[in-house]
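A.B. asks:
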Amino acid sequence: MSFGRKYCLLFLLVRSIMSDHTNQVVLLDTTAVLGELDWRTYPVNGWDAITEMDEQNRPIHTFQVCNVMEPNQNNWLRSNWIQRQAAQKVFVELRFTLRDCNSIPWVSGTCKETFNLFYLETDQPHSATTRFLPADYAKVDTIAADESFTQTDLGDRVLRLNTEVREVGPVTRKGFYLAFQDVGACIALVSVKVFYKRCPSTLRNLAAFPDTVPRVDSSSLVEVRGACVENAEERDTPKLYCGADGDWLVPLGLCVCSLGHEETDGVCQACRPGFYKAFAGNTKCSKCPPHSSSHDQAGTICHCDKGFYRAAKDPSSMACTRSPSAPRNLISLINETALFLTWSAPSDSGGRKDLTYNVLCHRCSGAPGGEEDCEPCDADLRFVPRPLGITGTSVAVLDFAKHVNYTFYVEAVNGVSSLGQGSRPLANITVTTDQAGPSLVGVVRKDWASDNSIALSWLEGEQQPNAILDYEIKYYEKEQEQLSYSSTRTKTPRAVVTGLKPSTVYVFRLRSRTATGFTAYSNTFEFSTGDENSGMAADQGHVLVVVTAAVGGFSLLVILTLFFLITGRCQGYIKAKIKSEDKRRGPFQNVVPFPGIKTYVDPDTYEDPTQAVHEFTKQIDPSRICIERVIGAGEFGEVCSGRLRTAGQTETPVAIKTLKGGYMERQRRDFLREASIMGQFDNPNVIRLEGVVTKSRPVMIVVEYMENGSLDSFLRKHDGQFTVIQLVGMLRGIASGMTYLSDMGYVHRDLAARNILVNEALVCKVSDFGLSRVLEDDPEAAYTTTGGKIPIRWTAPEAIAYRKFSSASDAWSYGIVMWEVMSYGERPYWEMSNQDVILSIEEGYRLPAPMGCPVALHQLMLHCWQKERGQRPYFSDVVSFLDKLIRNPSSLMTLVDHVHSFPESPEVMPHYPLFISIGDWLDSIKMSQYKSNFLAAGFTTLDSVSAMTLEDVRRIGVSLIGHQRRIVSSIQTLRLQLLSDQHNGFHV
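Under mature numbering (1 follows the signal peptide of the UniProt record, and there is no 0), the residues of the sequence shown are numbered -19 to -1, 1 to 969, in order.
Here it is as structure tokens:
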């Protein structure tokens, strides 16, 4: 053993420093054991245990064996019992040195350069008397050295250390032993480290994830759900996946700090006093706005200081405000018939912009200031524009009485005036009226009445201090309670009031006007139209109509004469105006040169396209745009959702189209072209342009956000979930938007369900106005001579053949959209090729009614698909028709009969390729999974299938509504094919 001792002493010069891995749980590390290891050796004189102290007085445990001079070596070294803990498989890291057999003189042929590793699982450690049985141990591997040392290395005191790691497992019992077998090597075991891997506990996205042990199968990941840290809440379920090497992978979801807390170093800390956070999210706490404070931690709102308030609709980020002071400089001005009050804005508006004024009135008898004789003014006093909620700083007071003292109070109010305590500051002024007098009208009587006229007369008062210039008659429907009224004047004490409703009670009041102004109103009188004297009234009314017509005819003659005199000048002016506009914009299409008619202007007619962008769009400061997430990709760049901050600091959800970097000027022009088009439209069923960003990068188009996306995908997602009335309402919205575009002279050219957007309230809006875009991602799309693609399945025949696009071709496309809506997003013409679609339409084929489609709607589709474009309906007619259906839901109860709703004349039926079998037919419509269903139910020929109904399809086991619809529609097409084949002499 002298060789082994010398080898050990040389080896003590080497110290192994082991790295610390946070994803490892160490079950055994011989370098960290302070006492004796007390490992067992078999036989006793095999392995030697050597323990020395290093320079830091730490023990170094080594085991060595070098019985290379003796044959038939079988030396075993067994560890103590090692608890498995949570491990499912363990790793054994061995550090050792091994001598090259060729460097040992006089060595026998039994010298080895390897040793073996074994293990044994048990639930309890063996007792001291338990016999060691090598046969019980399972072999892990034979360990060989990458590098061995020689006699020269010993002289130079250089030892080559090998590190080998082996995987043991799966382990299932409570613990295990390790065993090392030497069969004749010169080896020193420097250290043994046993560990298992785990994904250590961690914090990610404000969620805590516990220690997790990977699966035994290294190819599968362990999904771990995290728990939000204190004062945080889930935004999306936080998840991590634990990999086989103890690494966390694929972070998903996140938590956000709750109200009153902000993220700091991975935790949610409470907002400091003086700060607040009113909503959950990973934003910082905000400083309290002016005139408010938060005295405690974790403030969710800053409370207003004394005397300051917030209105119910004020955001928490708004400064607290107070009531305004009294208006200033209140003055009055009176003329014959009206009293004018004007004032200046208060010196203190309270910090708000929603300032309005209320005018209150008291009527006093006697000298001014007699408060004890004052009472609120009666309802006859009239304020223009109104007494309450005035936004201006003046008001006119009408119908006041003579010789009366009026005291007017003007108060300024804002959004928090109702929250303040105490009286509000008022400005007041007292006015004495001498310009009017008492009523000079006596009893009013009705002379006669017709269905729409009443003749009145009255007596003048006995006392007439001033000459009466004329009378004013004020009247209104009794049921309206003076919410609105009309008036007329007459110079005589009689009048015929016309334009009334039949069988309606009207309230009349009269007053006279003298040189000093109007008198007070008379008492109220009530008369009704359409009584027993209506016959006489009709005769007198007829005379009145004849006289009126004569006077009107003479007036019309005078007007026409003047019109022809000035027509020449007007036409010259209009032509000059058009000429100047043409010079500026280029040759407009469809421009109607009449004022008041808004007409679409093609941006391509501008010499400089940027001028169209400038004229029809508004610039948005990019700092007002907050992009939240990417929701798709367009032809020019990404499409994002986000929020647009308006001038009032409110935020509006928007969609943002961006122009990707590295664009050419032509791409930029094409990108902004759509904005130049959208900016001309303003209709609730047309997508609204919010503005553009062109003066910085990226270039953006900002439009309103439509929560439910495109109509086709929305319908497919909610297949069968809407009532027919709801679907008709969607179609009505699309038709309304197209009516607006048609009236403006705009032709869409690509009307399809994919280009209709749906908002949260199921309002449908027409979109996608970029005519230079690729219209359909289909290799079979037909190319026009100009290079643009045409969406064959949605386009009218004349537009495909001759590129004749018009509102009539849009009407054809609308019929296809109707079919898409009623079929919940089915592909028009199913799996037919584009060439087959074109040929079939030319031969008279039209799409059959979708399953469950009312007859009235399919008739409207067929009307839209008239071959002659002049016979197709206008969009305004479509809107009127759909309105009638909505008002009469019973008209939608009759559904299309699946047999008689299609053309039955063989001359208008296209010929389709014959299907050899049921399987071929189902393969063609991608429903091959139902082959066995058809055959098991006895439907073995195409003839038998063509007679199937919807109930038959359900009965054989087709339960999905979308699959039922596709199969039934294909059966209808198959039925037409068989009829056509029989007519032409074919037989299946």
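For every residue, glycine included, the Cβ atom is placed at its ideal position computed from N, Cα and C.
What span of residues does the alpha helix (DSSP H) with Phe695 cover, start to end?
C.D. replies: Residue numbering aside, residue 695 sits at position 714 when the sequence shown is read from its first letter. Phe695 -> alpha helix (DSSP H) spans Leu692 to Lys698.
A.B. asks: Rounded to whole angstroms, what's the CA-CA distance from Val412 to Arg475? Just pull it up for me.
C.D. replies: Locating residue 412 in the sequence shown gives position 431, where the first residue counts as 1. Locating residue 475 in the sequence shown gives position 494, where the first residue counts as 1. When rounded, the distance between both Cα atoms is 34 Å.
A.B. asks: Could you give the C-beta distance for Ala300 and Pro270, rounded to a whole number, given that I count them as a contact under 8 Å?
C.D. replies: Locating residue 300 in the sequence shown gives position 319, where the first residue counts as 1. Locating residue 270 in the sequence shown gives position 289, where the first residue counts as 1. Confirmed, Cβ separation roughly 4 Å.
A.B. asks: Does the separation of the CB atoms of Thr95 and Thr123 fall below 8 Å?
C.D. replies: Position 114 of the sequence shown, counted from the start, is the residue given in the question as residue 95. Position 142 of the sequence shown, counted from the start, is the residue given in the question as residue 123. A contact, by the Cβ cut-off of 8 Å.
A.B. asks: Please classify Cys607: is it buried, with 16 or more other beta-carbons within 10 angstroms of its beta-carbon, or exposed?
C.D. replies: Counting from 1 along the sequence shown, the entry for residue 607 is found at position 626. Exposed, since its Cβ has fewer than 16 Cβ neighbours within 10 Å.
A.B. asks: What does DSSP give as the partner residues of Ile315 in its beta bridges?
C.D. replies: Your numbering for residue 315 matches position 334 in the sequence shown. Paired residue(s): Leu320.
A.B. asks: What separation, rounded to the nearest whole angstrom, lies between the Cα atoms of Val934 and Ala918?
C.D. replies: Residue numbering aside, residue 934 sits at position 953 when the sequence shown is read from its first letter. Residue numbering aside, residue 918 sits at position 937 when the sequence shown is read from its first letter. So the two alpha carbons sit approximately 10 Å from each other.
A.B. asks: Relative to the C-alpha of Gln702, which residue among Gly938, Val394, Leu233 and Gly943 is closest?
C.D. replies: Position 721 of the sequence shown, counted from the first residue, corresponds to residue 702. Nearest of Gly938, Val394, Leu233 and Gly943 to Gln702, Cα basis: Gly943.
A.B. asks: If you compare alpha carbons, which of Ile315, Val582 and Leu955 is closest to Ile906?
C.D. replies: Here residue 906 refers to the residue found at position 925 of the sequence shown. The shortest Cα separation from Ile906 among Ile315, Val582 and Leu955 belongs to Leu955.
A.B. asks: Could you pull out every residue in the same chain whose Cβ sits closer than 6 Å to the Cβ of Phe856, ignoring the five residues on either side in sequence?
C.D. replies: As a first step, residue 856 must be located in the sequence shown, where it is residue number 875. Here the set comprises Ala716, Met719, Thr720 and Ser723.
A.B. asks: Please list the terminal residues of the continuous alpha helix (DSSP H) segment that includes Tyr783.
C.D. replies: Residue mapping note: residue 783 aligns to position 802 of the sequence shown, counting from 1. Here the alpha helix (DSSP H) through Tyr783 covers Pro778 to Tyr783.
A.B. asks: If you drop the 5 nearest sequence neighbours on each side, which residues of the same chain put their C-beta closer than 7 Å to that of Ala279?
C.D. replies: As a first step, residue 279 must be located in the sequence shown, where it is residue number 298. So the list reads Gly241, His242, Ala251 and Cys252, once near-sequence residues are dropped.
A.B. asks: The beta strand (DSSP E) that contains Trp439, what's its start and end?
C.D. replies: Residue mapping note: residue 439 aligns to position 458 of the sequence shown, counting from 1. Start and end: Ile435 to Glu441.
A.B. asks: Go ahead and pull the three-state DSSP assignment for Pro576.
C.D. replies: Residue numbering aside, residue 576 sits at position 595 when the sequence shown is read from its first letter. Legend: pLDDT at Pro576 = 37, less than 50; position of this residue unreliable, value from coordinates given subsequently. It is coil, neither helix nor strand.
A.B. asks: Give me, in chain order, the residues of the same chain whose beta-carbon lies closer than 6 Å to that of Ile41; leave out the 5 immediate sequence neighbours on both sides.
C.D. replies: Position 60 of the sequence shown holds residue 41. Taken in chain order, the residues that qualify are Glu33 and Asp35.
A.B. asks: According to DSSP, is Arg956 helix, strand or coil?
C.D. replies: Here residue 956 corresponds to residue number 975 of the sequence shown, with the count starting at 1. Residue state, collapsed to three classes: helix.
A.B. asks: Is Gly331 buried or exposed, if buried means 16 or more other CB atoms sit within 10 Å of its CB?
C.D. replies: Here residue 331 is taken as the residue at index 350 of the sequence shown, counted from 1. Gly331 comes out buried.
A.B. asks: Tell me which residue opens and which closes the alpha helix (DSSP H) that Gln840 is part of.
C.D. replies: Reading the sequence shown from its first residue, position 859 is the one you call residue 840. Per DSSP, Gln840 belongs to the alpha helix (DSSP H) from Val836 to Cys845.
A.B. asks: Using a Cβ-Cβ cut-off of 6 Å (strictly less than) and excluding sequence neighbours within five positions of Phe915, which residues of its own chain qualify?
C.D. replies: Locating residue 915 in the sequence shown gives position 934, where the first residue counts as 1. Correct list, in chain order: Ile899.
A.B. asks: Using DSSP's beta-bridge definition, name the partner residues of Leu379.
C.D. replies: For this step, residue 379 is matched to residue 398 along the sequence shown. Answer by DSSP bridge pairing, in chain order: Ala319 and Arg363.
A.B. asks: From the DSSP output, in three-state form, read off Cys249 for me.
C.D. replies: Indexing the sequence shown from 1 puts residue 249 at position 268. It is a strand residue.
A.B. asks: Between Leu202 and chain C, is the shortest Cβ-Cβ distance under 8 Å, so that the two count as touching?
C.D. replies: Looking for chain C here will not work: only one protein chain is present.
A.B. asks: Between the C-alpha atoms of Phe157 and Tyr100, what's the straight-line distance to the nearest angstrom?
C.D. replies: As a first step, residue 157 is located in the sequence shown; it is residue number 176 there, counting from the start. As a first step, residue 100 is located in the sequence shown; it is residue number 119 there, counting from the start. So the two alpha carbons sit approximately 7 Å from each other.
A.B. asks: For a quick check, are the C-beta atoms of Thr22 and Gln54 less than 8 Å apart?
C.D. replies: Residue numbering aside, residue 22 sits at position 41 when the sequence shown is read from its first letter. Residue numbering aside, residue 54 sits at position 73 when the sequence shown is read from its first letter. No, these two residues do not count as a Cβ contact at 8 Å.
A.B. asks: Name, in chain order, the residues that DSSP records as bridge partners for Asp29.
C.D. replies: Position 48 of the sequence shown, counting from 1, holds the residue named residue 29. DSSP, once it has assigned bridges, lists Gln45 as partnering Asp29.
A.B. asks: Could you check how far apart the C-beta atoms of Cys167 and Val49 are, in whole angstroms? I think they sit under 8 Å.
C.D. replies: By one-based count along the sequence shown, residue 167 stands at place 186. By one-based count along the sequence shown, residue 49 stands at place 68. Rounded, the Cβ-Cβ distance is 5 Å, consistent with contact.
A.B. asks: For Trp229, which of helix, strand or coil comes out of DSSP?
C.D. replies: On the sequence shown, residue 229 is found 248 positions in, with the first residue counted as 1. Looking at Trp229 - three-state DSSP - the assignment turns out to be strand.
A.B. asks: Would Leu8 and Phe176 be called neighbours here (beta carbons separated by less than 8 Å)?
C.D. replies: Stepping through the sequence shown from its first residue, residue 8 is reached at position 27. Stepping through the sequence shown from its first residue, residue 176 is reached at position 195. Closer than 8 Å, so yes.
A.B. asks: So, for Ala789: in the same chain, excluding its five sequence neighbours on each side, which residues have a beta-carbon less than 6 Å away from its beta-carbon?
C.D. replies: In the sequence shown, the residue the question calls residue 789 occupies position 808. Cβ neighbours of Ala789 beyond the five flanking positions: Arg850 and Arg853.
A.B. asks: Using three-state DSSP, classify Tyr721 as helix, strand or coil.
C.D. replies: Reading the sequence shown from its first residue, position 740 is the one you call residue 721. Helix, per DSSP.
A.B. asks: Pro151 to Val73, Cα distance in whole Å?
C.D. replies: For the purposes of this step, residue 151 is taken as the residue at position 170 of the sequence shown. For the purposes of this step, residue 73 is taken as the residue at position 92 of the sequence shown. Cα-Cα distance, rounded: 13 Å.
A.B. asks: Between Val744, Thr103 and Pro52, which lies nearest to Trp87 when the distance is taken from Cα to Cα?
C.D. replies: Taking the first residue of the sequence shown as 1, we reach residue 87 at position 106. Residue Pro52 is the option with its Cα nearest to Trp87.
A.B. asks: Taking DSSP's pairing of strands, which residues face residue 970 in a bridge?
C.D. replies: With the chain covering -19 to 969 only, the question about residue 970 has no answer from this structure.
A.B. asks: Determine, using beta carbons only, whether Ser452 and Val488 come nearer to each other than 8 Å.
C.D. replies: Along the sequence shown, one-based indexing puts residue 452 at 471. Along the sequence shown, one-based indexing puts residue 488 at 507. What sits at residue 452 in the sequence shown is Tyr, not Ser. Contact flag unset, no.
A.B. asks: Touch check for the segment 789 to 808 and the segment 829 to 846: three-plus C-beta pairs under 8 Å?
C.D. replies: Touching, yes, given that three or more Cβ pairs across the two stretches are closer than 8 Å.
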